[in-house]
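Chains as they are written, first to last, in our numbering: chain A, 749 to 1088; chain C, 749 to 1088; chain E, 749 to 1088; chain P, 749 to 1088; chain L, 749 to 1088; chain S, 749 to 1088.
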């Protein structure tokens, strides 16, 4: 059976409720999340074994994050402890024409200040078959980027499949390096990349091309450029997200295996309860799909898209849905009838 | 003036708030409801006299249910007391592509364990003109089914009009009998049946036919079959419910009097605040409409559909709207302007 | 730099939460608002200096209203103190086909019982360049109407620009005078009027004409009638509001300067978080637009419409958005993407 | 069996939660209460038949007050409808050294503007045995005082027992009359008066004497003065209330029947959940006690004191306790053990 | 290292908030607890390995209970799944003179309907050193009592230490057997009993003696009677609980090892945030104390009393405190200073 | 009239509600506070002019802090903007024997990273008469300590009175300097010091002496040592705080002017709603008292103690009480009666 290791930061998320603006909030809903953690939660919900690697402070707030991992049955045996603080992000939930706002307060966090020796990657990867990381970790600090590189190399040596969600965040990358200085080496080990073509190009130092994802003829050559730059690459996927408004999204996806383009039907997602983490839900679905339906790539993609859609109906960072719920929706039932 | 008696179970409803999943809930909103109670509430709101027949335990939770009846001006003089517990249903409110979930915890309830002698139907029906029951009560236990039969027979003898909402729930009917063993006799006394043609066929032991409710030509003969099986039948109605998503319903309705098909315009219902109880709102509206507009069947149906639509905007099981509000909407104003 | 004075009543607003009906509410959300105050808040948010003139009681509830003004950086140096009570309005927030309900409880309020001498208009208007009032103030009591007339005359003498939002409320005007007895003189001093043509005609004693706002040919002459009746008039604007449901509005606007009709694109607004105060948001946006873009009337109108649309996503009476947010939407971005 | 009629104002109570100050409150808890209504609730809880006489506006807020009466099984058949508004009182709940604050907003309420003909006292008192009023009603307006006098006279003529809780509120009595101009006639018909000796003296036009309620020797003559001024008087009672802090009260009581002083043990009440309405709980307990234990005056007093103590543990205006709970405490068990 | 197995029912706890009565509650706080689960949580918090044995239904509510176990790091590998429902208890939290109320709704629960084969005790006890059960389990149903006996016998055979909290609940024991028919055999295997002397006597079929726990002379012989009836007994302990009011408890404890009486200082506990589960906190503390300080029985008892006191400050069923917090209080610091 | 400048950090305070532990919290109450800000709020509430000097980030969270200042009428014209984040402290509110817990997350805050040039002290102190700082600011970072020294020197040069609350926090002072290396110079300019004798000794590099504050004979010489070390010192004050439990404090205070000891009566404070900021309330009261009653030192001290006691009843960091409320309590009325 597969065991998937994911590596990244878990943060305290402080969000306003009922579409209130920050200035109106007298309380913040407190939960815990982060891209790579969210992927691990998805996979745990689908019944896979996971191990989440992060570093949290030895205080009550760090302990809360750890309890969240345990409750969700995400493996936590290799969490490192220390540092000064748990990173935070503030979330103001938009509606209609008003978009949501994220204010990061994650600098100087325990993971951002990780030190060599915090993680024994050889030991961590024992028994693991897959390693997932994202473009956020190398963006938060130089030491986190270094750890990420160590991890990717160790995973590569041990023969794990490696996936990366590019996750470009312009408000990060403040420590003096550009993505194009850091990401190419990291991505060179990856078997699966999730991201826009232009984001990938940007991170790999190429010029943007503004691709048309509905044009299945031009897509292969655009994706092929990535295969050339990333010698281990087997699959590239892109989440298609047409934002009608903060409350109405249209979600699709494209998967390419170097030979063929797979395209998922666009689904209407309205209303949006919470769209944060929907990309992570896609990623989690894609990993599950590739592991489970790997001879049926269309099915793998459809599973990812269905998982992504369902995430928009779930409050919080991660996708609290079961395998059965995603499968039911994947096979066409999205009418939202009462189950009783 | 009419006095309508309804008979069924009132439950504690424990629902998550703000579309949370069960596992996310630290609190449950507590309210009280049940199909036949909800019908009584609708009728009381429209100004009719009602009497709700049920059995509740002699503890604080039973007392809460009784206070709810009183507050809503539903007649409660013939409520029976005793048994071990008030039935419960848990409700997780869905959104968009994720449907709502109901978890029943109603076995062994006071009504499910009702005993002969709990209800003196002759006395209960004194001064009453209408008796309403639904397919839920004979589904919860053999003794409840027996009481239901006693009630229907007594109502028949005393010349009351009898209506039934078929309300098939596959998770009930666990006590060893099938609907087709129990419902035919019960329905044989009914003057009004609300339900899908296929549900009615199933309960009466006929094969399903998957009717097309837009085809007004084929409908009469399909409904006519019910008139043949239920000798007292005067009206059959079907709620049309096209579920675009958990947050968007399209609601219509059909009424047939053995001669003519009446069809209501489909109305868009979005967003859905709470769709539980919308069928009961239709039923309540239909009874009101038949009593009030009985020479104008189209109007009776339109009233039922308008009531059903408005229910979707009301939190909780029952339809907290006034006669004026339903009439206003029935006559076309559904623009939701501010009244000030 | 401009300083805008607005005059009117600030009320305690008690609203039900999560679309509950009044009878379901165990708590009321408490906030403070009122048409002319809301305009001042908009302008303060856009960086302009404002002064809000009102009268509040010398008790804790009046003090809360004053603290709200201060927090929002609305000028409060000329607030009058005294009288018995702060006016209240109760708000039940609708959804879908069920409209919101407002119950006024504002009679006998401090402003309704204002006395001569409460406001020294000459002193108040020192350094001011614009005076805004609305048709609500002369509707609440004779003494408020008198103060309004005093204010308008003083502003006129001192050469301020004067704007009026007609804001007809049929549940007010209970003190014995009709709008047509009071409004013509008040409006005769105004440079800017916001309102429907028919509301303006009604208030000025003319018959309604049910104009077609999409017919740009017939509009000029209909608006011209107002220019004839109001000798100081420079601009008339109308908010176009097509109510699909309580949760879905389509918002546009028309501006006329006596020469040319400017028409804004209709924007879809769904879902509606709170539509109360959206007219005030339009008014605030229009004043800002006229002050800032006054050679570009289309831009001024577009700003007003964008502000109005955004208000529908904000809980509470006033428009808690920044200049940048309105400008971003005005220039076309209404996709509500996450900002991070 | 007894039927008790009480007459007075029911208000919307808006209170801050968790000891917040007014300025901190973003929500107000909304409930309904008022002295004479609270007495009726107590009596209904003890199983007696009641009828509450008041006037409420014909709007949604008035309807909420009526639904509260119905839920609590208080008789409401003789409620008058009309007028402009339901009175309000705002409550800031103190703690420890900080006392609670009440801000009245009840002028111009439906009851304050009651008109002759609103109440047909003869009809109202049919079948009734007891009439209860309090010193609040004649304090709110001249027309309310007039109605109170009409009621008292009618009750006297029809031979009902009449009780009055003096309830002096210095912030009321603003309509131009002093208590001593109004209360003597009203009290002359009363059989039971609840109040401090000094309050009674003040209302009857006598000088205050600052009595020592522990001195059972001096008390009889001080109370006897009341018997002289009120020819129908049979019982006077005083609630003893030693306020250690807002969170800690010591409660006792004195009852005098013109012959003998009865004194109840002082009980410690801490913490105080809500002390508003504790005097009404005493009054309700006293009426019940006099009706039920009338040969055992000590028991009647003890019941009143026990009811008063329990009220301090109940949130809201009225005493939501059962007969059994008061009796259990009256007979000594105040240890607050878990019942399971 | 020790591994402690506990066996019993976990229930959904539905409690009113802020001292509201049941009838006032619009929401219930939802948590999960039960005597033997609470003991396991205490021990897990102190760093010991635990395994909790229970049976939960295979529905969402059962899944919530399981997630709670996992989050709290209580072992759940041997939980049985099946049956109809998770038991419930409703809790109304009292204050001052008004005690809390518990309404049980636990009949027909998954554990109450446990069947032979649900638990493989031999396997469960592998690696375990201690088994804890309580008098609640044999009280809920005959099959639960049978499972309890099987468990006790298996634990005995395998040489585990066995502890029992007598936990007499008069509202249970409804299935036709008396405690004295069931408990003697069960208790005969126990090494540690927690309970009142009179409760123990009652369960063992002896007459009550109303012991004076302050009289250290008479106590030994009273406890010795238990040693005679329970041949494996090593320690008996009694929680002393003097209830000043629902908000103020005085807590002490007695421990007897057959030779010597150990008595803990009475501690003042006020205010009481939540006293449910305080006995379980004592039990958990006692097991920890006996395992850790077993040559120092006074210390073991003091630890149990300190844990019990702290529990009163924690909302919910179980004792969310750390080893360090209990030890700090045990050694005298109960001043509740701010830690910063 | 006086204008008081205070300088320090304002933080976001995230606190659990209803005595929940961190791990139980699904929401955090969000407010803003900090020692020197709290002092400014107190003084603003008493009607004095204040100016609060701090640095906040240019993001939404910083804007929230600024809006809080404005609402509370604290001067904010000299606030500096910039840096990365607003400092945070998490607060778990204890009860009874369980103390409250504070977790600091304030490193790297905007104020901690203040740079030379952020504050133009000469300009800031124009028109000011008093400068207040506390021992927290020099504890957070070297640059903050430097700014503090600059401020103190500038205030000294300009002839302002300078006060300091020692406020020792052992969890701060992490940047490499000890209090005794930094505080002596800072304190040498102060006219008023608030703190324990031992804290003062520790910060000034002297050995602790464990003083007995009830022994008025030994106190003068102990305080005199401070006068020797701080040449500008005029008053030393100590808050006496006897912690019975987290919910029950006894509060007193000592003031010494170099000649005479003033001692305030100990007041019982129970229950404690929120004790954080009670020292700041004392400080604010003392500054007000010294400014207002400066010939009556006993009165100044009594005012400070009364303010401190009242703060314990107020939720949040700062003391939301009026001058009248403190004076009323100062003169003896602490019975917490209802004001109505």
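Ideal placement from N, C-alpha and C gives every residue a C-beta, glycine not left out.
Q: Tell me whether residue 759 of chain P is buried or exposed, calling it buried when 16 or more other Cβ atoms sit within 10 Å of its Cβ.
A: Residue 759 of chain P is buried by the Cβ-count criterion.
Q.
Is there a C-beta anywhere in chain P that falls below 8 Å from the one on residue 917 of chain C?
A. So, not an interface residue.
Q) Which bits of chain L does residue 818 of chain A rub up against, with CB to CB less than 8 Å? A) Residues of chain L with a Cβ closer than 8 Å to the Cβ of residue 818 of chain A are, in chain order, 818, 819, 821.
Q: Note down, in chain order, every chain A residue with its Cβ under 9 Å from the Cβ of residue 1022 of chain S.
A: Within chain A, not a single residue places a beta-carbon under 9 Å from that of residue 1022 of chain S; the smallest gap is close to 15 Å.
Q) In three-state terms, what does DSSP make of residue 904 of chain C? A) Taken through DSSP and simplified to helix, strand or coil, residue 904 of chain C comes out as helix.
Q) Going along the stretch 799-819 of chain C in order, which residues come within less than 7 Å of chain P, judged by CB to CB distance? A) Those residues of the stretch 799-819 of chain C that come within reach of chain P (Cβ to Cβ, closer than 7 Å) are 815, 818, 819.
Q. Shorter than 8 Å from the beta carbon of residue 976 of chain S to some beta carbon of chain D?
A. The question asks about chain D, but that chain is absent: this structure's protein chains are A, C, E, P, L and S.
Q: Mind checking the stretch 774-788 of chain C against chain L and listing, in chain order, the residues whose C-beta falls within less than 9 Å of any C-beta there?
A: Answer in chain order: 774, 775, 776, 777, 778, 779.
Q) By Cβ distance, which residues of its chain are closer than 6 Å to residue 1017 of chain S, with the 5 residues on each side in sequence left out? A) Closer than 6 Å at Cβ, skipping near neighbours: 997, 999, 1057, 1060.
Q) Would you say residue 957 of chain C faces chain A, with C-beta separation under 8 Å as the test? A) No, because no Cβ of chain A sits closer than 8 Å to the Cβ of residue 957 of chain C.
**Q.** Burial state of residue 960 of chain P, where buried means 16 or more other Cβ atoms lie within 10 Å
**A.** Exposed: under 16 other Cβ atoms inside 10 Å.
Q: With DSSP as the reference, please indicate the residues paired to residue 1011 of chain C in a beta bridge.
A: DSSP lists C:1002 as the beta-bridge partner residues of residue 1011 of chain C.
Q.
I'd like to know if residue 856 of chain A contacts chain S, where contact means its C-beta is closer than 8 Å to some C-beta of that chain.
A. Yes, because at least one Cβ of chain S sits closer than 8 Å to the Cβ of residue 856 of chain A.
Q) Got a sec? Which residues, its chain only, sit under 7 Å from residue 1001 of chain E by beta carbon, not counting five neighbours each side? A) Cβ within range, chain order: 985, 986, 987, 988, 1012, 1030, 1049, 1052, 1053.
Q. Leaving out five residues before and five after residue 964 of chain A in sequence, what residues of the same chain have Cβ atoms less than 7 Å from its Cβ?
A. By the criterion of a C-beta distance shorter than 7 Å, residue 964 of chain A is surrounded in its chain by 1009, 1011, once the five residues flanking it on both sides are discounted.
**Q.** Proximity of residue 861 of chain C and residue 831 of chain C at Cβ, strictly below 8 Å
**A.** Annotated as proximal: residue 861 of chain C and residue 831 of chain C, with beta-carbon spacing under 8 Å.
Q. From residue 974 of chain L to residue 840 of chain L, what distance separates their C-alpha atoms?
A. Straight-line Cα distance between these residues: approximately 35 Å.
Q. On the premise that residue 905 of chain E lies in contact with residue 940 of chain E, defined as a C-beta separation below 8 Å, what is that separation, rounded to the nearest angstrom?
A. No, residue 940 of chain E and residue 905 of chain E are not in contact; Cβ-Cβ is about 18 Å, not under 8 Å.
Q: Keeping to the same chain, check which residues put their C-beta closer than 7 Å to that of residue 923 of chain L; ignore five residues upstream and five downstream.
A: Within its own chain, the residues whose Cβ lies closer than 7 Å to the Cβ of residue 923 of chain L, once the five positions on either side in sequence are excluded, are 889, 890, listed in chain order.
Q: Return the first residue and the last residue of the beta strand (DSSP E) that residue 911 of chain S is part of.
A: Boundaries of the beta strand (DSSP E) harbouring residue 911 of chain S: 909-913, taken from the DSSP string.
**Q.** CB of residue 971 of chain P within 8 Å of CB of residue 1028 of chain P, strictly
**A.** No, they are not a contact pair.
**Q.** Near-chain S residues of the stretch 1043-1072 of chain L - C-beta to any C-beta below 8 Å
**A.** Here the close residues are 1057, 1058, 1060, 1061, 1062, 1063, 1064, 1068, 1069.
Q. Is it right to say residue 849 of chain P is buried, meaning 16 or more other beta carbons lie within 10 angstroms of its own, or is it exposed?
A. With 16 or more Cβ atoms within 10 Å of its Cβ, residue 849 of chain P is classed as buried.
Q.
Our contact map puts residue 851 of chain L next to residue 807 of chain C with C-beta atoms below 8 Å; I'd like the distance itself, whole angstroms only.
A. Yes, residue 851 of chain L and residue 807 of chain C are in contact; Cβ-Cβ is about 5 Å, under 8 Å.
Q: Would you identify the three-state DSSP class for residue 739 of chain P, choosing helix, strand or coil?
A: Any question about residue 739 of chain P goes unanswered here, given that chain P covers just 749 to 1088.
(Q) Less than 8 Å between CB atoms is the rule here; does residue 1018 of chain P satisfy it with respect to chain L? (A) Chain L has a Cβ within less than 8 Å of the Cβ of residue 1018 of chain P.
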